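Before any comments, here is the structure.
Number of protein chains: 2
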Amino acid sequence: MQMKPFYVYFLCIIIFSSCNQNTPAKSQDKDQTHLEHPNLILTKDGVNRIKSNLENAPLFKQTLEVTKVEVDAEMANGINVPLPKDMAGGFTHTQHKINYATMQKAGVLFQITGEEKYAVYIKDMLMAYAKIFPTFKKHPVERSYARGKFFWQCLNDSNWLVYTSQAYDCIYSWLPSEDVTYLNKNLFKPYADFISIENPQYFNRIHNHSTWGSVAVGMIGLVMDDDDLVNRALYGLKTDNIDPNAKDNDGGFIKTEGQKAGFLANLDSPFSPDGYYTEGPYYQRYAMYPFMIFAQALHNKKPELKIFEYKDGLLIKAVNALLNLTDADGEFFPLNDGQKGMSIYTSSLVSAVDIAYFYGNKNQQLLSVAKKQNAVQLDETGFAVAEAIHAGKTAPFLKESINLRDGSNGDEGGISILRHNYNDHSLALVYKYAAQGLSHGHYDKLSFSLYENGDEVLQDYGLSRFVNVEQKNGGGYLIENNTWAKQTIAHNTITQNETSHFNGNFKLGSENHPELYVFNVSEPGFQIVSAKINSVYENSQFHRTLVMFKDSISSNPFILDLFRVTSSERNKYDLPFHYFGQVVNTNFDITTPKTLHPLGSKNGYQHMWVEGEGNADQGVMQFTWLDNNRFYSITSAANTEDKYVLTRMGANDPEFNLRRDPSLIIRRQAKNTTFASIIESHGTYNPVTEKADNAYSTLKDLKTILETKEYTAVSFKIEAKTYVFILANQDASKQKEHKLNLDGTDISWNGPYYFNTIK
Amino acid sequence: MQMKPFYVYFLCIIIFSSCNQNTPAKSQDKDQTHLEHPNLILTKDGVNRIKSNLENAPLFKQTLEVTKVEVDAEMANGINVPLPKDMAGGFTHTQHKINYATMQKAGVLFQITGEEKYAVYIKDMLMAYAKIFPTFKKHPVERSYARGKFFWQCLNDSNWLVYTSQAYDCIYSWLPSEDVTYLNKNLFKPYADFISIENPQYFNRIHNHSTWGSVAVGMIGLVMDDDDLVNRALYGLKTDNIDPNAKDNDGGFIKTEGQKAGFLANLDSPFSPDGYYTEGPYYQRYAMYPFMIFAQALHNKKPELKIFEYKDGLLIKAVNALLNLTDADGEFFPLNDGQKGMSIYTSSLVSAVDIAYFYGNKNQQLLSVAKKQNAVQLDETGFAVAEAIHAGKTAPFLKESINLRDGSNGDEGGISILRHNYNDHSLALVYKYAAQGLSHGHYDKLSFSLYENGDEVLQDYGLSRFVNVEQKNGGGYLIENNTWAKQTIAHNTITQNETSHFNGNFKLGSENHPELYVFNVSEPGFQIVSAKINSVYENSQFHRTLVMFKDSISSNPFILDLFRVTSSERNKYDLPFHYFGQVVNTNFDITTPKTLHPLGSKNGYQHMWVEGEGNADQGVMQFTWLDNNRFYSITSAANTEDKYVLTRMGANDPEFNLRRDPSLIIRRQAKNTTFASIIESHGTYNPVTEKADNAYSTLKDLKTILETKEYTAVSFKIEAKTYVFILANQDASKQKEHKLNLDGTDISWNGPYYFNTIK
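Chains as they are written, first to last, in the numbering used here: chain A, 234 to 992; chain B, 234 to 992.
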């Protein structure tokens, strides 16, 4: 009984592999289509090529073997399709996730190994799903704005359909046609309708959720050759009646009036021309899989769309952008809602890298990423990667300084990364002057974070959530994501009068963004980025400039941070530095309280305990700490009335959801002012030799020597040298000539800034 | 000018290497002695063997090359012998450390490479020291109980002399005799007298300081063939007039009346017959170098002492004990005053391992440690190790469960380590029922700490000090070492009525110690250690039993912790668990305060903020946390009036010296009671796949079912199985028959405990 369809399958290969040699995979007559599968991700030609060249692609072979072990182990547990009950992290949720992941892999194994047990497993599983699908309306948990079927939210159901479509495609030709008809009618078509027509508030918007939704509908549409579904996926629902004031679980608007929807709209809008995804790298990583896998499917079945050339090769650029948005360990910078630890090792990046290699001019730098990932996608793209690695084509993936514009037209701010690489050591400064980032955006304009190698030095808190840890709110977002993680004070940027940027108003935040003023990384020893925004507070203008410059004293560069604020009012400005580790020394006295009180009552301030306070009693503030066996210092030009507040997170946190991380806040009452600081990684501690090298900062006499509407100038000393940095505040043109007399010395230069040593 | 002595030196090798073949290195006629050097650590024979077999010892060759690069780089800086001025971590301190380390290495390089520049460097350096030595009396900093010469404390001066003696020995025969006479008279003899006669309170005691002191005097005595100094080193000063109430900087007594002194006494007393050093592994590591290097020198020059056979091969056992007192990363357990991060990679362990290999029956397991260290001592011992590694003799160093007795006769308590090794994964429980541990001892009887692989799960805080970080109290001990780190509440053991063990009285602590009750690790799936002490509080008796047992549900064992307290009074008992990471879930409600107050006012309690409190509202308390991407739970049988306190360190810490680590305290008012808890490492979190595996404890219904003078019994459920553990409290004999009726079931067994599943 098992052997018959197997022969049939082999016969098909013989017939169609010869047929296909001269006919590229295009929409075929309906009659033939049934016999041509797989044609979605795997293709018949591809499978043949893989089978006959396996020895030249050891990484592919290894991935295949690992996959076989995984799938065989899971198949030994039998078919388990429980009625939906649990939230994320719970049993039924986890089981359904295991099911789709295993089916997708089993499909590949069926095609490549030819072992029919994999096809039987998928069929049995699908029949079980089809059986219970009509027996209930929705998942019983009522927490999502878009409740799913087998999962608590449509998002996970879409995951299911994206993966399962691939499994289905792999056995489509093998299945008796009455089973295909049955499954299409009783499971796949109604499932696709459920995700789209029955949940327009989920399907018909610009959001990573909707990307998954449209890809789910599109993938199964391609498998079933249902053009109606494919068009719905590409262009969205024509009508949806979504209330323009409706919001999702994350507090983001569902849809603004007149907004487009569907896969192509989700490619147009959240991506910038540089491939930056406005929600941030954590969600880009998540969305990358459906984007890339559907593009691959469209390329195979609808090559006339030329999807990989869409918007000047956007998808390939997006993969490159994402790989650049990582620290030295390959972990994504947790901009906006991002869970720390997510990295290029995630399976969606394995897909993305392989697809980008195959369809994107065979960039050999991607091969070194694939090598680190130590796995490839089990299709022709992964096979090509494995072959190329085996052929010795690998080139190192170089992460240099980069500017990534935000906004669909690239005119809504962006992210700049200044990097310094020295031997195996790297320093990366991530400057965020991006747009709001949809519902996963945080209120932190002009913030930055700092990395040394794979370690955070000055952190972005990331999200407040324990993804898939059921005990923590079912693995979903925690209250503290809104009350802390999204607030401005949780980031390394200025909060004015204890109120978050845009007063935490999502609409206002979505309508505004900073403007880049200067970006120049042409000299590795002097890199600069500068951006402005006038809309975060009424009547106040922010202008922050970050310079990464080298001095011969140290192999690490120094980071100069000039944050200029002008306002029509006198305000309280708080500039935090969210460091890690232990205080080594301060040049100001710290008063420590007998009892701890929160720093404030709202906008994140309620979550910070005040552990210590100090006053500016000298012209310069210096703060040295030890973290990861490295000595760091912040040196900052002080105003006489400045306060320094040492805080620790964790106040008003009844569920112990927040990490207990420390911060140093520079607090200043002023109207117009410049916060001038220099950050150094200057020394190391070795707990084995117990040697402290360069435990002291070498920086002295940092001061703001000029503050006018036109210019900001600072000077500071490193050993015997005195440096001067001048910024032209109003004119960023490179040609513009400037002339100043500073302390009796005439200085003239062209362009927006001047940097030099003086006597 | 450079070549002449070089020829002389070669001539000497030829003459004496043949002479020595039949005459083992013993005390020679004074006339010959001058010509025989080196004879301390390096020997002429040894040097020859090394030179002619270098290709068979690649690790030795590599270490030699690294050393050459280091020394050449340092020599390029010229001779720098500054007048003493700074504390630890400061410039002059660091420079003098660099000097002795470089001289020692240069001596070896001179001998092995024959390049005379190294001898010249040492000579010039020594002349510079001899020149300024008589120009001042002591180091200007007045903080030590034993102020040094070039360093703030005699201890560092002893380090200098131990290393420099070796360098001096290497050039002794090369130096013109008038230089030898000059240096002996003007530098070395007076320096040795300074360290001993002029500082009896430092030299003449049982302490790691005195070990360094006696070895310093002994090593230079051996070089100069000054038997007076050698005997002073071995047996101490005959008279010292030390006040028996005098204390050192760490609060330890200098010397009790009638106590012996000198190197041999320091070998007798702080070491137990198992090689455990009563101060703890951190200080054992520090003392190991002088012990081993002087033993090697004595073996070479006074073989009649048979030093490596002393006390049944104590020194070799000590190295084995020390290697066992490490976690999976080779880091020492920070018992008593121990700085975390110190490990087998420290240079003193390279020496110790090589010397122990060479003089201790060539234990091949030590070769794998040497291989990890990736360096050897540059003498015949290190050469033998490198040769053996090259010859493929390496065997893995197996860390099994072990009991190490404390006290010079092995009858003053001890340290037990229960280990579970599973593939590359290990769990290690360190139970401390040791003696006070001299001045570096902490007040934590019957405490334990827990490690998973190289990570701390339940920590011992270690010391409060930043060794050699000058900004932190000159790198010395911080006030918080006494007010926090030494206090009982800083450890995972019971504090009664907010008072530390022995009321923190060092004399009382030194006079008492726990007694081992049971230790049995014969079955890997059920390991037990149990100990008692009646003297930590008046009228109270402590008895703690720790069991590491396996159930098939998990690859990790469970840890059962039974802490029985009996008293004639009703007391407040606090049992803390010093965990790391984030609270995931508790089965009790936590009330979090609006402001944070310290838990108490003294004995360490003043340093703990109360972050939350809860009450026992169920029969069982369960607390789950996430650390290092692992899920852990403590489950504890609850009394109805129990309180749970969640604390964080850092209160009353004006200098920010303490880490902000969390703790869970079980607080109980009772007279006689048993704290019955089970600790599990039950799950993992993967931030890349975002999968939470086994996030929930599987343990249920833990309860104390019997508490009598004779027996303590607990039962608990793991899935469907119910376990019972019974401890006979009063009789630990293996033969003793016991019979009990528990809940209608008759149970009988032999020996101190019973462990089984019941229906």
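Backbone N, C-alpha and C fix where the C-beta goes; we use that ideal spot for every residue, glycine too. Owing to the predicted nature of the structure, the values given are computational and were not obtained by experimental measurement.
Can you find a C-beta in chain A that's less than 8 Å from the C-beta of residue 309 of chain B?
No, because no Cβ of chain A sits closer than 8 Å to the Cβ of residue 309 of chain B.
Determine the direct distance from the alpha carbon of residue 553 of chain A to that of residue 861 of chain A, and round the result to whole angstroms.
The alpha-carbon of residue 861 of chain A is positioned some 30 Å away from that of residue 553 of chain A.
Residue 842 of chain B versus chain A: which residues are under 8 Å apart at the beta carbon?
Those are 829, listed as they occur along chain A.
Since I believe residue 625 of chain B is in contact with residue 668 of chain B (beta carbons under 8 Å), could you give me their beta-carbon distance rounded to a whole number of angstroms?
That belief does not hold up - the Cβ atoms of residue 668 of chain B and residue 625 of chain B are roughly 42 Å apart, past 8 Å.
Let me check understanding here. Comparing Cα to Cα, which of A/741, A/825, A/931 lies closest to residue 787 of chain A?
Looking at the Cα atoms, A/931 is the closest of the given residues.
At a Cβ threshold of 8 Å, is residue 575 of chain B touching chain A?
Closer than 8 Å: yes.
Suppose you measure from the CA of residue 572 of chain A to the CA of residue 978 of chain A; what does that come to, to the nearest Å?
Near 51 Å, if we compare the C-alpha coordinates of residue 978 of chain A and residue 572 of chain A.
Name, please, each residue of chain A whose Cβ falls closer than 9 Å to the Cβ of residue 823 of chain B.
By Cβ distance, chain A contributes 887, 888, 889.
From the DSSP output, in three-state form, read off residue 308 of chain A for me.
Under the three-state reduction of DSSP, residue 308 of chain A is assigned to helix.
May I ask which residues mark the beginning and end of the beta strand (DSSP E) holding residue 750 of chain B?
Counting along the chain, the beta strand (DSSP E) containing residue 750 of chain B begins and ends at 748-756.
I want to see whether chain B comes within less than 8 Å of residue 877 of chain A, judged by CB atoms only; does it?
Chain B, which has no Cβ nearer than 8 Å to the Cβ of residue 877 of chain A, makes this no.
So residue 445 of chain B and residue 359 of chain B are in contact, right, with Cβ under 8 Å, and what is the actual spacing, rounded?
In fact, because the Cβ distance is near 20 Å, the residues do not count as touching under 8 Å.
Euclidean distance between Cα positions of residue 869 of chain A and residue 540 of chain A
Their Cα atoms are separated by approximately 50 Å.
Classify residue 614 of chain B as buried or exposed, calling it buried when 16 or more other Cβ atoms lie within 10 Å of its own Cβ.
Buried, because 16 or more other Cβ atoms sit within 10 Å of the Cβ of residue 614 of chain B.
Count the CB pairs spanning the segment 831-838 of chain B and the segment 745-763 of chain B that are closer than 8 Å, and state whether there are at least three.
No, because fewer than three Cβ pairs between the segment 831-838 of chain B and the segment 745-763 of chain B fall closer than 8 Å, the two stretches do not touch.
Beta-bridge pairing of residue 867 of chain A - partner residues as DSSP gives them:
In the DSSP output, where bridge partners are listed per residue, residue 867 of chain A has A/856, A/912.
Could I get the ranges of all uninterrupted beta strand (DSSP E) runs contained in the segment 673-727 of chain B, with 3 residues as the minimum, in chain order?
Counting only runs of 3 or more, we get 680-685, 688-691.
Whole-angstrom C-beta distance between residue 569 of chain B and residue 195 of chain B, which should lie under 8 Å
Residue 195 of chain B falls outside the range modelled here, since chain B spans only 234 to 992, and no answer is possible.
Residue environment, residue 782 of chain B, which counts as buried when at least 16 other CB atoms sit within 10 Å
So residue 782 of chain B ends up on the buried side.
Residues of chain B with a CB under 7 Å from the CB of residue 700 of chain A: which are they?
Ordered by position in chain B, the residues that pass the 7 Å Cβ test against residue 700 of chain A are 923.
Same chain, Cβ closer than 6 Å to residue 954 of chain B, neighbours up to 5 away in sequence not counted
By the criterion of a C-beta distance shorter than 6 Å, residue 954 of chain B is surrounded in its chain by 990, once the five residues flanking it on both sides are discounted.
Assuming residue 321 of chain B and residue 393 of chain B are in contact, meaning their beta carbons sit under 8 Å apart, how far apart are those beta carbons, in whole angstroms?
Rounded, the Cβ-Cβ distance is 14 Å, inconsistent with contact.
Could you name the residues of the segment 903-935 of chain A whose beta carbon sits closer than 9 Å to any beta carbon of chain B, in the order they occur along the chain?
Correct list: 918, 919, 920, 921, 922, 923, 924, 925, 928, 929.
6 Å CB neighbourhood of residue 705 of chain A in its chain, flanking five on each side removed
For residue 705 of chain A, where only same-chain residues beyond five positions count, the Cβ hits under 6 Å are 699.
Compile a chain-ordered list of the residues in the segment 680-709 of chain B whose CB is closer than 9 Å to at least one CB of chain A.
Within the segment 680-709 of chain B, the residues whose Cβ lies closer than 9 Å to some Cβ of chain A are 699, 700, 701, 702, 703, 704, 705, 708, listed in chain order.
Give a yes or no on contact between the segment 689-698 of chain B and the segment 821-833 of chain B, applying the rule of three or more CB pairs nearer than 8 Å.
Contact between the segment 689-698 of chain B and the segment 821-833 of chain B is absent, because fewer than three Cβ pairs lie under 8 Å.
Mind pulling the chain A residues with CB within less than 8 Å of residue 716 of chain B?
Within 8 Å Cβ-Cβ: nothing; residue 716 of chain B doesn't reach chain A, min ~14 Å.
Count the CB pairs spanning the segment 544-559 of chain B and the segment 500-519 of chain B that are closer than 8 Å, and state whether there are at least three.
Look at the beta carbons and you see the segment 544-559 of chain B touching the segment 500-519 of chain B: at least three pairs across the two are nearer than 8 Å.
Going along chain B in order, which residues have a C-beta closer than 8 Å to the C-beta of residue 578 of chain A?
Residues of chain B passing the Cβ test: 921.
For a contact meaning CB atoms closer than 7 Å, what does residue 816 of chain B contact in chain A?
Residues of chain A whose Cβ lies closer than 7 Å to the Cβ of residue 816 of chain B are, in chain order, 889.
Sort out for me which residues DSSP pairs residue 327 of chain B with in a bridge.
In the DSSP output, where bridge partners are listed per residue, residue 327 of chain B has none listed.
For a test of the three-state rule: what should DSSP assign to residue 279 of chain A, helix, strand or coil?
DSSP places residue 279 of chain A in helix when its eight states are reduced to three.
Quick check: what's the CA-CA separation for residue 689 of chain B versus residue 565 of chain B?
Straight through space, the alpha carbons of residue 565 of chain B and residue 689 of chain B are spaced by roughly 11 Å.
Could you check if residue 859 of chain A is buried or exposed, using at least 16 other CB atoms within 10 Å of its CB as the buried criterion?
By the neighbour-count rule (16 or more Cβ atoms within 10 Å), residue 859 of chain A is buried.
Within chain B, partners of residue 346 of chain A - CB distance below 9 Å
Simply none; closest approach about 25 Å.
Any idea if residue 681 of chain B is buried or exposed, counting beta-carbon neighbours within 10 angstroms, 16 or more meaning buried?
Its Cβ being crowded by 16 or more others within 10 Å, residue 681 of chain B is buried.
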